[in-house]
Amino acid sequence: MTYWRPQIMRHSEGEGRIEYAFHDVYFHNSTVTSYTLHARSDRKATVAELESWVRSKLIESKHGIACGDLGYTHTAEDLALWLKHVADPPIDFVPERQ
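Per this note's numbering, residue 1142 is the first one in the sequence shown, and the count goes up by one each step.
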């Protein structure tokens, strides 16, 4: 079975800095096959900060908000879907997989 879902990914940045952001992740039989190169959400230092940021944007996103690496527009429906997956364990972002 092939499907996608929003998934938090862990970005290892320079000097040991870690950031978390939502990406679209594609699966086949529960195995990651691919994911978006650019974060769909803003990046935050912790999963808790990312969740807090998403919750703080829910009302504003009713009319669409620009966020993420490329300023994607997302709606409250998108953010609600992100929140359904906020407790899923983060996946390490590995640019070479793209």
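Note that the Cβ used here is the ideal one computed from N, Cα and C, for glycine as well.
Residue environment: H1179 is assigned as exposed (fewer than 16 neighbouring CB atoms within 10 Å of its CB, all protein chains considered). Apart from sequence neighbours up to five positions away, the residues of its chain that approach T1187 with a beta-carbon distance below 8 Å are Y1161, ordered along the chain. Around the beta carbon of L1211, fewer than 16 other beta carbons sit within 10 angstroms, so the residue counts as exposed. Residue environment analysis places I1159 among the exposed positions, since fewer than 16 neighbouring C-beta atoms fall within 10 angstroms of its C-beta. Inter-segment contact for the segment 1164–1178 and the segment 1189–1206 is absent: fewer than three beta-carbon pairs are separated by less than 8 Å. Rounded to whole angstroms, R1184 and W1145 show a C-alpha spacing of 20 Å. A check of alpha carbon separations from A1217 across V1195, N1170, H1152 and M1150 identifies V1195 as the nearest. Here S1153 is exposed, its C-beta having fewer than 16 other C-beta atoms within 10 Å.
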